[in-house]
Amino acid sequence: MIEVIHNALDAAFGGIILSLQPIWVATIFGAIMGVFYTLVNRKFVDQEKMKKLQEMNKQFQKEWKEAQKNKDEKKMKKLQQKQIEMLKLQNEVMKDSMFKPMLISFPMFIIFYGWLARYYVETAIVKIPFNFFLVDWFHGMYHSSLQANELGFLGWYFLTTYIVGSILRKILDMA
Numbered sequence: 129m130i131e132v133i134h135n136a137l138d139a140a141f142g143g144i145i146l147s148l149q150p151i152w153v154a155t156i157f158g159a160i161m162g163v164f165y166t167l168v169n170r171k172f173v174d175q176e177k178m179k180k181l182q183e184m185n186k187q188f189q190k191e192w193k194e195a196q197k198n199k200d201e202k203k204m205k206k207l208q209q210k211q212i213e214m215l216k217l218q219n220e221v222m223k224d225s226m227f228k229p230m231l232i233s234f235p236m237f238i239i240f241y242g243w244l245a246r247y248y249v250e251t252a253i254v255k256i257p258f259n260f261f262l263v264d265w266f267h268g269m270y271h272s273s274l275q276a277n278e279l280g281f282l283g284w285y286f287l288t289t290y291i292v293g294s295i296l297r298k299i300l301d302m303a
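Using the numbering used here, you'd call the opening residue of the sequence shown number 129 and step up by one each time.
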């Protein structure tokens, strides 16, 4: 089934994809998916509930620091009870914010990344001026042909998606 989809994508976009530099393919793919993920989250996540939770967390942290500073044991015990209630609310909000968007966006990622990975999975997109230990560990674990100072297609995709998503969340005033 997925091979049929990949063949259709090859027929429709294969020439364009292969004519572009890998960095542009990864950047365009990351930007499109970053916009898609953000819009899916905006549609399916209760933004007011998320903002309320963030505000509650800020207030809680402020009260907690004040209680610690004043060594107010009674206030700290009261805040611990409040923290349990907040954790329940956080779990509810996180469940809602993870399940629906993931259910919609993950198949899109699998289809498009699977298609592009056939061409670019071991392609170095960017050379960084230092060896990053996590990259070295990851490449060693998966026996990658990429060096520890090279960021591949998947890494560049994640970086682009994160940046585009963050900017769009700020523009759309999302929590």
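Where is the CB? At the ideal position from N, CA and C, for every residue including glycine.
### Query
Hey, THR289 and GLY158: beta-carbon distance below 7 angstroms or not?
yes
### Task
Please classify ILE256: is it buried, with 16 or more other beta-carbons within 10 angstroms of its beta-carbon, or exposed?
exposed
#### Entry: MET214 vs MET184 beta-carbon contact at 7 angstroms
yes
### Query
Taking only runs of the alpha helix (DSSP H) that begin and end inside the stretch 228-295, which ones reach a length of at least 4 residues, in chain order?
261-269
### Message
Which of the three DSSP states is assigned to MET302 in this structure?
### Response
coil
### Message
According to DSSP, is MET214 part of a helix, a strand, or is it coil?
### Response
helix
### Task
Under 8 angstroms by Cβ, that's how I've got VAL292 and VAL163 pegged, so tell me the actual separation to the nearest angstrom.
6 angstroms
### Of the residues ILE299, ALA252, ILE295, PHE172, the one placed nearest GLN275, counting alpha carbons only
ALA252
### Query
In angstroms, rounded to a whole number, what distance separates the CA positions of PRO150 and VAL249?
10 angstroms
### Message
Suppose the cutoff is 8 angstroms on Cβ atoms and the five residues either side in sequence are ignored; what does the same chain contact list for TRP243 look like?
### Response
ILE133, HIS134, LEU137, ASP138
### Task
Would you kindly report the start and end of the unbroken alpha helix (DSSP H) that includes VAL153?
150-172
### Task
State the start and end residues of the unbroken alpha helix (DSSP H) segment that holds MET184.
175-198
### Message
Rounding to the nearest angstrom, what Cα-Cα distance links GLN218 and LYS206 in this structure?
### Response
18 angstroms
### Task
Could you check the C-alpha separation between TRP284 and GLN175 for me, to the nearest Å?
28 angstroms
### Message
Let me confirm a value: SER225 is counted as buried when at least 16 other C-beta atoms fall within 10 Å, else exposed. Which label applies?
### Response
buried
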